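Asks: In the working numbering, the protein residues as written are 4 to 116.
Here it is, written out as structure tokens:
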């Protein structure tokens, strides 16, 4: 019997949830779906240049799990770009995803993780 999935912390909330090649109608495109934990893994590893260990701690998962998630996400993005597919970011996180926002002090204006 498999272990239950750990809850994953996600900070990323994109403004756009759909990307497609220009000039191709939507009805004729294949679609790839990227989950929010995969998007967060891409953000931490590729945008913020965190090591796998640092990023895994931020997401509250093991380093091996982070490696699998980021590898899957990179494969999906590469497939979408190289094969002309639409990329959709799943807007509905699963029950094991915790959307975490930065804290903010209204008095002094400081923010924290």
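We put the beta carbon where it would ideally sit given N, CA and C, even for glycine. If you're wondering where the values come from, they're calculated on a predicted model, not measured in any experiment.
For residue 89, name the three-state secondary structure that DSSP assigns.
Replies: Strand.
Asks: In angstroms with no decimal places, state the Cα-to-Cα distance between residue 82 and residue 88.
Replies: Computed Cα separation, rounded: 7 Å.
Asks: Please report the residue range of the alpha helix (DSSP H) in which residue 64 lies.
Replies: Residue 64 -> no alpha helix (DSSP H), and no H or E assigned at all.
Asks: Using three-state DSSP, classify residue 11 as helix, strand or coil.
Replies: Note: residue 11 maps to strand in three-state DSSP.
Asks: Within the chosen definition, does the segment 58-65 reach the segment 11-26 through at least 3 CB pairs nearer than 8 Å?
Replies: Because the criterion of three Cβ pairs below 8 Å is met, the segment 58-65 and the segment 11-26 touch.
Asks: So what's residue 35 in DSSP terms, helix, strand or just coil?
Replies: Here residue 35 sits in strand by DSSP.
Asks: If you compare alpha carbons, which of 85, 95, 15 and 51 is closest to residue 42?
Replies: Here the closest residue by C-alpha is 15.
Asks: By DSSP's criteria, residue 21 is part of a beta bridge. Which residues make up the other side?
Replies: Residue 21 pairs with 91.
Asks: Anyone know if the C-beta pair for residue 91 and residue 21 falls short of 8 Å?
Replies: Taking 8 Å as the Cβ cut-off, residue 91 and residue 21 qualify as a contacting pair.
Asks: Compute the distance between the beta-carbons of residue 48 and residue 73, then report whether it is under 8 Å.
Replies: In contact: residue 48 and residue 73 (Cβ atoms closer than 8 Å).
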